[in-house]
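For the record, in the sequence shown the residue sitting at position 44 is 44 according to UniProt numbering, with numbers rising by one throughout. In this text, a Cβ means the ideal position worked out from N, Cα and C, and glycines have one as well. Remarks on the structure that follows.
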Amino acid sequence: MFEAKGNDMRRILVTGAASGIGAAVAAALDSQGHAVVRADLRGSADVQQLDVGDPAQWSALVAANGALDGLVNCAGVRIRTALVELDLDEWDHVMRVNLTGTFLGVQALARTWIAAGTPGAVVNIGSTTSFSAVPGQPHYCASKAGVAMFTKAAALELAEHNIRINAVAPGPIVTPMLQTRLDEPGQREWLTSQVPLGRLGRTDDVAAAISFLLSDAASFITGVTLAVDGGWLTR
Numbered sequence: 001m002f003e004a005k006g007n008d009m010r011r012i013l014v015t016g017a018a019s020g021i022g023a024a025v026a027a028a029l030d031s032q033g034h035a036v037v038r039a040d041l042r043g044s045a046d047v048q049q050l051d052v053g054d055p056a057q058w059s060a061l062v063a064a065n066g067a068l069d070g071l072v073n074c075a076g077v078r079i080r081t082a083l084v085e086l087d088l089d090e091w092d093h094v095m096r097v098n099l100t101g102t103f104l105g106v107q108a109l110a111r112t113w114i115a116a117g118t119p120g121a122v123v124n125i126g127s128t129t130s131f132s133a134v135p136g137q138p139h140y141c142a143s144k145a146g147v148a149m150f151t152k153a154a155a156l157e158l159a160e161h162n163i164r165i166n167a168v169a170p171g172p173i174v175t176p177m178l179q180t181r182l183d184e185p186g187q188r189e190w191l192t193s194q195v196p197l198g199r200l201g202r203t204d205d206v207a208a209a210i211s212f213l214l215s216d217a218a219s220f221i222t223g224v225t226l227a228v229d230g231g232w233l234t235r
């Protein structure tokens with residue numbers, strides 16, 4: 001992990017921080033000495049409530065928390081529905097959370113950084129489905145492909161302001177989102193067999209990659225979507 005020391009300590013906003021990858025990222029950054037602002041649709045005592053698809057809530061959250069140095073857009077939703085059965089409400093919901101929420105977060109933070117003349121770093125959450133489609137999830141695949149291209153476009157536009165925008169593309173990571181599938185007979189074994197490194201990913205695998213991309217060690221990296229997939233995309 002890339003631990004914060006002295007002036008390297010930063011204030012970082014993590015969305016989707018109530019569970020899964022978001023919770024792991026928030027915990028990892030906290031353990032490294034960063035000041036972590038946690039946000040999630042399910043607010044709690046230590047997690048601020050945020051609907052990532054609502055621009056007014058983004059504005060209020062950013063205003064309430066003062067200067068931030070980084071953002072990790074972990075909020076996401078994955079629903080398995082065949083294309084011919086998919087209705088527009090479900091399509092819009094997945095796009096609103098996964099793609100629109102990512103855009104709104106980057107926009108909100110970029111506005112504050114540009115106005116203040118300060119640098120910033122963002123890590124978005126893509127997926128191996130950003131690059132390799134799977135059946136039964138056309139809306140999820142499209143949203144994550146959008147995240148990868150939005151990351152490149154935002155990185156290009158914001159580079160002149162010393163704002164870096166990157167993403168990670170997790171493969172099969174053991175999270176509550178994946179657990180329903182893993183509980184199906186034979187699915188854990190099949191998924192594991194498809195990973196060249198021979199195991200399913202852990203949330204701390206993704207957290208380590210995100211920590212790196214936020215750190216000064218990645219100061220010359222922007223516009224990248226880094227696969228954290230055990231070699232899944234090499235197949």
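Residue environment, residue i, which counts as buried when at least 16 other CB atoms sit within 10 Å
i, result
"Thr203", "buried"
"Ser130", "buried"
"Ser127", "buried"
"Ile21", "buried"
"Ile79", "exposed"
"Ser219", "exposed"
"residue 243", "Because the chain in this structure spans residues 1 to 235, residue 243 falls outside the shown range and cannot be described."
"Arg42", "exposed"
"Leu61", "buried"
"Val224", "buried"
"Asp92", "exposed"
"Thr175", "buried"
"Arg111", "exposed"
"Gly76", "buried"
"Val134", "exposed"
"Ala82", "exposed"
Span of the alpha helix (DSSP H) around residue i
i, result
"Leu104", "Gly101 to Ala116"
"Leu71", "Premise fails: Leu71 lies in the beta strand (DSSP E), Gly70 to Asn73, not in any alpha helix (DSSP H)."
"Pro138", "Pro138 to Leu158"
"Ser211", "Thr203 to Leu214"
"Arg188", "Gln187 to Ser193"
"Ala60", "Pro55 to Asn65"
"Val94", "Leu88 to Met95"
Beta-bridge pairing of residue i - partner residues as DSSP gives them
i, result
"Pro170", "Val228"
"Asp40", "Gln49"
"Arg164", "Ala121"
"Ala35", "Arg11"
Enclosing beta strand (DSSP E) for residue i [first to last residue]
i, result
"Arg181", "No beta strand (DSSP E) holds Arg181; the alpha helix (DSSP H) holding it covers Pro176 to Leu182."
"Leu13", "Arg11 to Thr15"
I want to know whether the stretch 128–143 touches the stretch 35–45 - three or more CB-CB distances under 8 Å. no
Tell me whether the stretch 109–120 and the stretch 54–74 touch, counting them as touching only if at least three CB pairs, one residue from each stretch, are closer than 8 Å. At 8 Å Cβ cutoff, the stretches touch.
Under 8 Å, with one C-beta from each stretch per pair, do the stretch 167–179 and the stretch 193–210 reach the 3-pair mark? yes
Would you call the stretch 223–234 and the stretch 187–196 in contact, with 3 or more CB pairs under 8 Å? Touching, yes.
Three or more beta-carbon pairs under 8 Å between the stretch 140–160 and the stretch 90–106, yes or no? yes
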